[in-house]
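Per the numbering used here: the sequence shown = residues 24 to 426. The C-beta atom is built at its ideal place from N, Cα and C for all residues, glycine as well. All values reported here derive from a predicted model rather than from experimental measurement. I have placed the structure first, in the form of structure tokens, so that the comments after it can refer back to it.
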Amino acid sequence: MSRHLIDRRSLLRGALASGALYSLDALFTCQRTNAAAVGPNDNIKVTKVEAFVLKNSWVFVKISTDAGVTGWGEMLKDDAKACAAGALEVGRYLVGQDPNRVVHHWQAIHRGSFYRGGPIKSAILSGIDQALWDIKGKVYGVPVYKLLGGPTRDRIRVYGTVSSTTGVNAMKVAPSAARTAFKYVEGQKFVDEVTERFKALRQKFGSGVDIAVDFHGAVQPTTAILLIKALEPYQPWFYEEVVQALNVDVMAELAKKTHIPLATGERIFLKWGFKEILEKRAATIVQPDVCYAGGITELRIIAGMAEAYYSPVAPHNPNGPCSLAASLQVAASIPNFLIQERGDTEHPLLAKPLPPVKNGYRELPTEPGLGITIDENKLMAQVGEPQEYRTHYDPDDGSVVDW
Ligand SMILES: [Mg+2]
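Right, here's the structure in full:
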């Protein structure tokens, strides 16, 4: 045995004893550094899991391998530090594993814990799932949607800011009035204000622009039904989160009272959450978020469940570049895709922009994996304390309200 090997082994033992994963990474990466030479039949291993919390509460996970290939994913904004810490916990399982076994790891991470689901655990799983798919795509040299049987479409419709430059002709608004809805039962004045403003918007844009209304779960059921009926004549594209989704039966009751499609999903987690939504017909349009509904792996399954109910998927996305990139990979690999939320957002954290939006559609990403490269210097410059909880109050009596 050469002295070189003995030294490497003793160094490895030292690294393991100290828990210094960065030392392990250095050992592995020095064996093989030419990432371009890595192919599907090579054996590679995860060497390191890192997490980054940004000042705007975006949370990223980065997974490194001994082949020099890295993968990125994104998690929940609420409880950002808990998500980051959870990803590092999962790293204790993942380091040393083959990153290409994405579905196997999904199962292991989900079923390996006694307490499952919920926003934080699902978010941790989601970020890691995105990062593993990113690595797998890079190892195979193709975008993730190609590994998932796609593309299922030539381009991806997006909504966000209506623009003659990008051609985007779909948008979403809140039920706008002089103030937000914070009473359990709002009166005629509030309902009239919301109706007049939406009517003006419809007249401004005409029938050629799709306009959805997002209640944000901040409206109580008694007020929600008043608004649903008052806005109907102006043909909202869909109503989103008309009430909180914690009581799915209430949403299902409201869905039966209007012909306008209901949409929900940004606070529903994993296939079991969407099972209840679909079975009870609480929403027609499902909006799982790739950063907390279970990642790319789970969104594919949720899309399949929705297809059985003739329901389309409109991935929720208020977050960063991995969120959008992973959502686009899902859009390009499922049959029942409707539209991508904030699909027209350009992200400065990317080393180069995504393919552009033209005529209201984002061109398919062509780069391997998620199809993006994070500018790590720019990302590190944003690392810091996340935002605090945003509690809202009734200005009349100081009681806590939904927002
Ligand atoms: Mg929403």
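- Item | 7 Å Cβ shell around K104 - same chain, five flanking residues per side excluded | V76, P409
- Is the Cβ-Cβ distance between A278 and L285 less than 8 Å? yes
- Message: Using a strict less-than 6 Å threshold between each residue's beta carbon and the heavy atoms of ligand 1, what residues do you get?
- Response: D237, H239, E263, E264, E289
- Where do the ends of the beta strand (DSSP E) carrying S356 lie? S356 -> no beta strand (DSSP E), and no H or E assigned at all.
- Under 7 Å Cβ to Cβ from A201, same chain only, skipping five residues before and after it: list those, please. E216
- Near L402, what residues of its chain come up, given a Cβ to Cβ distance below 8 Å and the 5 sequence neighbours on each side ignored? F75, L77, F83, L372
- Within the same chain, show all residues whose beta-carbon is closer than 8 Å to that of L347, passing over the 5 residues directly before and after it, in chain order. N340, Q363, R365, G366, T368, H370, L377
- Burial state of Q211 (16 or more Cβ within 10 Å): exposed
- Spatial neighbours of V406 in its chain, beta-carbon cut-off 8 Å, leaving aside the 5 residues before and after: F75, V76, L77, K78
- Task: Rounded to whole angstroms, what's the CA-CA distance from V72 to I143? Just pull it up for me.
- Result: 17 Å
- C-alpha gap between I86 and V353, whole angstroms: 20 Å
- Proximal residues to Q438 (C-beta, below 6 Å), its chain only, five neighbours per side dropped: Here the chain covers residues 24 to 426 and nothing more, so residue 438 does not appear.
- Message: Can you look up V125 in the DSSP assignment and give me helix, strand or coil?
- Response: helix
- Message: Output needed for W426: all residues of its chain with C-beta closer than 6 Å, excluding positions within five of it in sequence on either side, in chain order.
- Response: A241, H415
- Query: What's the gap between the Cα of F238 and the Cα of A197?
  - Reply: 6 Å
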